[in-house]
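*Asks:*
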Amino acid sequence: MEDVGLASGDMVYIAEGEHKGKITSVLQYSQESDSVILTDVLSKRIIPKAWWIQNQTSHVMEYPDNIPREYVKLAAKDRDDTGKISYVVADEVVYKEKYYDDRYKKWLPKRFVKHHETIEIPWPKPPTEIEDDRNSTTADAVFTKTYEDQTVAKSPLPQGVLAELRNPYSSYKKKTLTEVQARKLTAPKMPLSTEQKIYLAKKAQEPEKKLEPLTDEVKDFIGTKIAQHLAKIENPALLTHLVALSKAKVPDFEKTMKKLSENEK
């Protein structure tokens, strides 16, 4: 409630929108849409019969509008020495020391008009008093611990109950598959098409590719090109980056070098 700055029953001034200049009171605040429902801001709407309330006889009824919260400003009545009533509209509100409000049963901050902090706007009376019913907890039993969360190490279920809930002899608990289950999980071998057979026959006739090590002439050529490229770089950060890259291990390069060594043998 104090996070929003408004409560049900607060008097507000509509500063923007279609109803600008109207003074009314708050019925309800909607956190999802950050809007308020006001007492005198209604519009006629067509209500489906499935949503009719008790004693409703027409599809058209006055329905409260949702007004954005930034459109309203907190207001209050002020009475001077002569008894004349005037309205005070707070452009901004500041909070000061908290007090315990017995009506709301909670601690609330006092609200004051900013730059006029001698003017306090008290919290309104709750729309309905909270009454105890048969489901309410008595004052002497409030701090009685009736439930305790269980840890993962200690199961909340008694021993033996899992065997009753689960089938210990279920076939899904076995780590081996039957012949029928294996056939269901194994995809059948599809026959090759004519094009696939021709392609595989051509691939079989091709000689196997063998990797050959680089000659000294090629190594010198690559080294010369790299040296020429490094000589053109003036940025020291880029040079440091390239040196770090040269020391990094590339898995594909390692595999290629391994194949070369195997071919040499």
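Mapping the sequence shown onto my numbering, position 121 (from 1) lands on 105, and the numbers just tick up by one. In this text, a Cβ means the ideal position worked out from N, Cα and C, and glycines have one as well. Keep in mind that this is a model prediction, so the values were computed, not measured.
#1: Assuming residue 52 is part of the beta strand (DSSP E), what are its boundary residues?
#2: What first and last residue would you give for the alpha helix (DSSP H) that runs through residue 241?
#3: Does the beta-carbon distance from residue 11 to residue 58 come in below 8 Å?
#4: Can you give me the start and stop residues for the alpha helix (DSSP H) that residue 208 sits inside?
#5: If I'm right that residue 49 touches residue 17 with Cβ under 8 Å, what's the distance once you round it to whole angstroms?
#6: Suppose you measure from the CA of residue 83 to the CA of residue 33; what does that come to, to the nearest Å?
#7: What residue range is occupied by the uninterrupted alpha helix (DSSP H) comprising residue 230?
#8: I need the straight-line Cα distance from residue 180 to residue 188, nearest angstrom please.
#9: Following the continuous alpha helix (DSSP H) through residue 143, name the residue where it begins and the one where it ends.
#10: Do residue 22 and residue 9 come within 8 Å of each other at the CB atom, strictly closer than that value?
#11: Under 8 Å, do residue 79 and residue 95 count as touching if we go by C-beta distance?
#12: Terminal residues of the continuous beta strand (DSSP E) containing residue 115?
*Replies:* Looking at the coordinates:
#1: 44 to 52
#2: 235 to 248
#3: no
#4: 200 to 216
#5: In fact, because the Cβ distance is near 12 Å, the residues do not count as touching under 8 Å.
#6: 47 Å
#7: 220 to 231
#8: 12 Å
#9: Note, residue 143: premise wrong, no alpha helix (DSSP H); not H, not E.
#10: yes
#11: yes
#12: Segment: none, residue 115 is in no beta strand (DSSP E) and carries neither H nor E.
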